[in-house]
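Residue numbers (this note's numbering), protein chains in the order written: chain Z, -3 to 196; chain V, 110 to 274.
For every residue, glycine included, the Cβ atom is placed at its ideal position computed from N, Cα and C.
All figures in this text were calculated on a predicted structure; none of them were measured in a lab.
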């Protein structure tokens, strides 16, 4: 499953298992961003993503000796671990309501003089929220395959399912997401309509 | 262009935009600091000090001695205990005597069942046991005998009361 590029990972993991601090630090620096991005896109929260990065790397330092390079590349292994911790975290926090989520999906329209970057920023926020509101199984494949450029095979390995399942979930996830975005645009367009004032 | 194609195209653009923005995001340095602090704490716990090593060896030795002592004590008590197995040893009975061996040979320590039977006196003759009738005494119609039955259900021997001989 793993390629030649992951051979430094194998060496670093071996050294980490032996207690080499520098090796662990190098592993962290190589892979922390991948785990962080995945967790942030999955949870929609920066602080939760930071916690998940910590949990994933704590698990890695504990179980470094149990990593088997013949089964999967380290990146795939870390995606699997990040997914596990993200799911656990989401399950734990399911009764909590985040303050950011209280804003409605229909965002108020930007002012007519809004700059291009503001519109872009608003659109990105819109997409991000739409992704977070997808069911977890669809969110995972969108985040892995469309946003992180992970191959279908690696995604299937990280998610513990068949490649065909990844394909079908991705297809369904894109439709759901497009639908959510379309509804969001309709709401924005409604808000953009000029207000008609009646003069008495 | 169809409506669904337009929405898919828009989705692809949005996702690409989000992926580009996300590509630049990195974990704050405080997370790395926290993770490395945990690493250091874990490694410190892992490396045993001299005292801890000595304590560990002493604990292991004490556990070994305890286990050895417990096993020795257990073996000794087992040896001293009387044999309470369910095997019934046939004691010599003054009123009975084994007079005939039938069936297969009796093996050493073979478990036997004793079946008391009331049989016609003529059966004794068939087994080759001289009956009182043959010796001129007043015979009883039946006689109680013990048949020793082996584990395979085959009779090994017959015990006949001395009074009947």
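Taking Cβ to Cβ, would you say residue i is nearer than 7 Å to residue j?
i: residue 8 of chain Z; j: residue 22 of chain Z; result: yes
i: residue 13 of chain Z; j: residue 77 of chain Z; result: no
i: residue 256 of chain V; j: residue 232 of chain V; result: no
i: residue 25 of chain Z; j: residue 19 of chain Z; result: no
i: residue 201 of chain Z; j: residue 177 of chain Z; result: Nothing in the structure corresponds to residue 201 of chain Z, since chain Z is present only between -3 and 196.
i: residue 130 of chain Z; j: residue 172 of chain Z; result: yes
i: residue 128 of chain Z; j: residue 40 of chain Z; result: yes
i: residue 222 of chain V; j: residue 258 of chain V; result: yes
i: residue 154 of chain Z; j: residue 75 of chain Z; result: yes
i: residue 162 of chain Z; j: residue 152 of chain Z; result: yes
i: residue 115 of chain Z; j: residue 81 of chain Z; result: no
i: residue 220 of chain V; j: residue 260 of chain V; result: yes
Pick out whichever of the options has its Cα sitting closest to the Cα of residue i.
i: residue 250 of chain V; options: V:148, V:227 and V:127; result: V:227
i: residue 51 of chain Z; options: Z:70, Z:28 and Z:13; result: Z:28
i: residue 238 of chain V; options: V:129, V:149, V:167 and V:267; result: V:267
i: residue 56 of chain Z; options: V:259, V:115 and V:144; result: V:144
i: residue 53 of chain Z; options: V:176, V:174 and V:141; result: V:141
i: residue 141 of chain Z; options: Z:114, Z:34 and Z:68; result: Z:34
i: residue 64 of chain Z; options: Z:17, Z:113 and Z:3; result: Z:3
i: residue 131 of chain V; options: Z:30, Z:16, Z:112 and Z:90; result: Z:30
i: residue 15 of chain Z; options: V:150, V:159, V:120 and V:272; result: V:150
i: residue 125 of chain V; options: Z:112, Z:68, Z:67 and Z:144; result: Z:144
What in chain V is Cβ-close to residue i, meaning under 8 Å?
i: residue 136 of chain Z; result: In chain order: nothing, as chain V lies at least about 15 Å away.
i: residue 63 of chain Z; result: Chain V residues near residue 63 of chain Z: none, gap ~16 Å exceeds 8 Å.
i: residue 143 of chain Z; result: 124, 127, 128 and 131
i: residue 54 of chain Z; result: 144 and 147
i: residue 198 of chain Z; result: This structure cannot settle anything about residue 198 of chain Z, because the visible part of chain Z is limited to -3 through 196.
i: residue 112 of chain Z; result: By Cβ distance, chain V contributes nothing, its closest Cβ being about 12 Å from residue 112 of chain Z, past 8 Å.
i: residue 124 of chain Z; result: 127
Roughly how many angstroms separate the alpha carbons of residue i and residue j, rounded to a whole number?
i: residue 175 of chain Z; j: residue 157 of chain Z; result: 26 Å
i: residue 107 of chain Z; j: residue 146 of chain V; result: Annotation note: pLDDT 45 at residue 107 of chain Z (below 50); position unreliable, coordinate value reported separately. Distance between the alpha carbons of residue 107 of chain Z and residue 146 of chain V: 47 Å.
i: residue 179 of chain V; j: residue 146 of chain Z; result: 60 Å
i: residue 32 of chain Z; j: residue 45 of chain Z; result: 6 Å
i: residue 216 of chain V; j: residue 265 of chain V; result: 10 Å
i: residue 101 of chain Z; j: residue 135 of chain V; result: Low local confidence applies: a pLDDT of 34 at residue 101 of chain Z is under 50, so the model's placement there is unreliable, and no value is given.
i: residue 42 of chain Z; j: residue 119 of chain Z; result: 18 Å
i: residue 159 of chain Z; j: residue 136 of chain Z; result: 14 Å
i: residue 129 of chain V; j: residue 153 of chain V; result: 41 Å
i: residue 254 of chain V; j: residue 235 of chain V; result: 14 Å
i: residue 230 of chain V; j: residue 185 of chain V; result: 53 Å
i: residue 165 of chain V; j: residue 84 of chain Z; result: 37 Å
i: residue 164 of chain Z; j: residue 122 of chain V; result: 21 Å
i: residue 86 of chain Z; j: residue 134 of chain Z; result: 15 Å
i: residue 6 of chain Z; j: residue 183 of chain V; result: 51 Å
i: residue 168 of chain V; j: residue 187 of chain V; result: 28 Å
i: residue 263 of chain V; j: residue 252 of chain V; result: 21 Å
i: residue 72 of chain Z; j: residue 174 of chain V; result: 49 Å
i: residue 176 of chain V; j: residue 170 of chain V; result: 10 Å
i: residue 139 of chain Z; j: residue 88 of chain Z; result: 21 Å
i: residue 127 of chain V; j: residue 148 of chain V; result: 33 Å
i: residue 163 of chain V; j: residue 58 of chain Z; result: 25 Å
i: residue 119 of chain V; j: residue 113 of chain V; result: 10 Å
i: residue 112 of chain Z; j: residue 179 of chain Z; result: 22 Å
i: residue 117 of chain V; j: residue 68 of chain Z; result: 32 Å
i: residue 133 of chain V; j: residue 159 of chain V; result: 48 Å
i: residue 138 of chain V; j: residue 172 of chain V; result: 47 Å
i: residue 70 of chain Z; j: residue 79 of chain Z; result: 14 Å
i: residue 167 of chain Z; j: residue 115 of chain V; result: 16 Å
i: residue 272 of chain V; j: residue 218 of chain V; result: 29 Å
i: residue 17 of chain Z; j: residue 66 of chain Z; result: 24 Å
i: residue 90 of chain Z; j: residue 121 of chain Z; result: 22 Å
What does residue i touch in chain Z if you count any residue whose Cβ is under 8 Å from its own?
i: residue 151 of chain V; result: 57 and 58
i: residue 116 of chain V; result: 174, 175, 177 and 178
i: residue 134 of chain V; result: 29, 32, 33 and 36
i: residue 120 of chain V; result: 170, 173, 174 and 177
Whose Cβ in chain C lies nearer than 8 Å to the Cβ of residue i?
i: residue 179 of chain Z; result: The question asks about chain C, but that chain is absent: this structure's protein chains are Z and V.
Please compile the residues from chain Z whose C-beta is within a distance smaller than 9 Å of the C-beta of residue i.
i: residue 154 of chain V; result: Per Cβ cutoff of 9 Å: no residues; residue 154 of chain V is ~12 Å from chain Z at best.
i: residue 145 of chain V; result: 17, 20, 21 and 24
Whose Cβ in chain Z lies nearer than 7 Å to the Cβ of residue i?
i: residue 148 of chain V; result: 17, 20 and 57
i: residue 161 of chain V; result: Neighbours of residue 161 of chain V on chain Z: none; closest Cβ ~17 Å, over 7 Å.
In chain V, what lies closer than 7 Å to residue i by C-beta?
i: residue 7 of chain Z; result: Near residue 7 of chain Z there are no residues of chain V at all, since even the closest Cβ is about 18 Å away, more than 7 Å.
i: residue 49 of chain Z; result: 136 and 140
At 3 residues or longer, what runs of the beta strand (DSSP E) sit wholly inside the stretch 116 to 153 of chain Z?
Counting only runs of 3+ residues, no beta strand (DSSP E) is found wholly inside the stretch 116 to 153 of chain Z.
Completely contained alpha helix (DSSP H) runs for the stretch 8 to 54 of chain Z, where each covers 4 or more residues
Fully enclosed alpha helix (DSSP H) runs of 4 or longer: 17 to 39.
Suppose only complete runs of 4+ residues qualify. What are the alpha helix (DSSP H) ranges in the stretch 61 to 96 of chain Z, listed by chain order?
70 to 88, all fully within the stretch 61 to 96 of chain Z.
Please list the segments of the alpha helix (DSSP H) lying wholly inside the stretch 117 to 181 of chain V, counting only runs of 4 or more residues, in order along the chain.
With a minimum length of 4 residues, the continuous alpha helix (DSSP H) runs that stay inside the stretch 117 to 181 of chain V are 138 to 155.
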